Amino acid sequence: MEHKIKVELGDITKCETDVIVNAANTSLMGGGGVDGAIHRAGGKAILDECMHIRNKQGGCKTGEAVITNAGDLPADYVIHAVGPVWQDGSKNEDKLLYSAYHNSLKLASKNNLKSIAFPNISTGIYGFPKERAAEIAIHAVQDYLVEDEFIQNVTFVCFDEENYRIYSKLLP
Ligand code: AR6
65 MEHKIKVELG DITKCETDVI VNAANTSLMG GGGVDGAIHR AGGKAILDEC MHIRNKQGGC
125 KTGEAVITNA GDLPADYVIH AVGPVWQDGS KNEDKLLYSA YHNSLKLASK NNLKSIAFPN
185 ISTGIYGFPK ERAAEIAIHA VQDYLVEDEF IQNVTFVCFD EENYRIYSKL LP
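To convert, take the position in the sequence shown, counting from 1, and add 64; that gives the numbering used here.
Structure (structure tokens):
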């Protein structure tokens, strides 16, 4: 299944995959990092749909994901996944990060979206150790691709050189 997985260095808002994933927070109201970049580049239509979801179900729990339109972005949809805030590794962080990737893939498949791009969820403002996060992200994707053959392409879009080096080493 490895052939379906790619690593790139760059800005996920430029990705032309069917869906890009956002590293959101439970409020779904936007923020800094990649979340800020996606809302800035995608425009108001994304936030409007996030607010609608928030009014209906009260945001998004850590480890879960919701889907919206992609506004002005080249992707067709945005999946907003909420990764855990790193504390000390004993607060279920690994499992919650795995779930954020797993639930994003499940949601993409359910919406007939075959290509998906992920940022390195939780490794910025949320402080998750990068190498540990990369191992979890790759396992979650590999496990998922074994159980569901619908997804054709998964791209890890690394914004910082350190993550790019880590992913390139783990996924030669
Ligand atoms: N494209 C791809 N990756 C990016 C981009 C981009 N344009 N910009 C940053 N990154 P972060 P988190 C990388 O902090 O740690 C927000 O305020 C960045 O280098 O965006 O999950 C949310 O609202 C890092 O590797 O997300 C939440 O409150 C990765 O994206 C909180 O931050 C994730 O960093 C979520 O924190």
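A virtual CB, placed ideally from N, CA and C, is assigned to each residue, including glycine.
Note that the structure is predicted; figures quoted are calculated from it, not measured.
Start-to-end residues for the beta strand (DSSP E) that takes in residue i
| i | result |
| --- | --- |
| Thr73 | Here the sequence assigns Leu to residue 73, which means Thr is not the residue at that position. Here the beta strand (DSSP E) through Leu73 covers 69-73. |
| Val142 | 141-146 |
| Asn175 | Counting along the chain, Asn175 falls outside any beta strand (DSSP E), and DSSP gives it neither H nor E. |
| Ala181 | 179-182 |
Coarse secondary structure for residue i, derived from DSSP in three states
| i | result |
| --- | --- |
| Tyr228 | helix |
| Thr219 | strand |
| Ser168 | helix |
| Asn89 | coil |
| Thr81 | coil |
| Tyr190 | coil |
| Glu213 | coil |
| Met65 | For Met65, the predicted model reports a pLDDT of 48, less than 50, meaning its position is unreliable; a value from the coordinates is still stated below. Three-state DSSP puts Met65 in coil, outside helix and strand. |
| Ile76 | helix |
Residue burial classification, residue i (beta-carbon count within 10 angstroms, cutoff 16)
| i | result |
| --- | --- |
| Asn227 | buried |
| Asn175 | exposed |
| Asn167 | buried |
| Met65 | Low confidence applies to Met65: its pLDDT is 48, below 50, so where it sits in the model is not reliable, and the reading given next is rough at best. That one is exposed. |
Supposed contact pair residue j and residue i - C-beta distance, whole angstroms, cut 8 Å
| i | j | result |
| --- | --- | --- |
| Asp82 | Leu177 | 4 Å |
| Val205 | Ile84 | The pair is not a contact, with the Cβ atoms about 15 Å apart (cut-off 8 Å). |
| Gly135 | Ile110 | 5 Å |
| Val149 | Thr90 | Incorrect: roughly 10 Å between the Cβ atoms, too far for contact. |
| Val218 | Gly74 | Not confirmed; about 15 Å, so no contact. |
For residue i, the first and last residue of its enclosing alpha helix (DSSP H)
| i | result |
| --- | --- |
| Ile131 | Segment 129-133 is the beta strand (DSSP E) holding Ile131; no alpha helix (DSSP H) there. |
| Val98 | 97-106 |
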